[in-house]
Amino acid sequence: MELIYYCNQCNRLVDELEVEKIDEEKLGLSILTSDEKEDIIKRTENRIEIGIICDECEIEDDLTSLVGDNLLH
107 MELIYYCNQC
117 NRLVDELEVE
127 KIDEEKLGLS
137 ILTSDEKEDI
147 IKRTENRIEI
157 GIICDECEIE
167 DDLTSLVGDN
177 LLH
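The numbering used here puts the sequence shown at residues 107 to 179.
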């Protein structure tokens with residue numbers, strides 16, 4: 107089964123793994139609510155896609171926040 111992490115802001119492929127079984131506990135998905143799982147996890151028969159924010163988009167968001175808060179001139 108393919109496990110794919112992609113950025114849900116820029117759609118960039120972050121990582122792609124081939125796994126036999128998905129363990130939500132080990133992946134940290136067990137802490138999510140049902141609604142959160144529905145928002146970020148897309149499942150098909152042979153593939154699971156997990157939407158995250160890539161490092162580049164996270165940095166961009168942080169800089170935008172600093173400018174918006176007038177902390178960066």
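No residue lacks a Cβ here, since even glycine has one placed at the ideal position from N, Cα and C.
No experiment lies behind these values; they were computed from the predicted model shown.
Bridge partners - residue i, DSSP secondary structure assignment
i           : result
residue 148 : 155
residue 110 : 122 and 155
Residue from the options whose Cα sits closest to the Cα of residue i
i           : options          : result
residue 133 : 111, 118 and 159 : 111
residue 120 : 165, 166 and 161 : 161
Any non-hydrogen atom of the ligand ATP within 8 Å of residue i CB
i           : result
residue 159 : This structure lacks the ligand ATP; in fact it carries no ligand of any kind.
Beta-carbon proximity of residue i to residue j, cut-off 9 Å
i           : j           : result
residue 126 : residue 108 : no
residue 114 : residue 158 : yes
residue 142 : residue 149 : no
Where the alpha helix (DSSP H) containing residue i begins and where it ends
i           : result
residue 133 : 130 to 133
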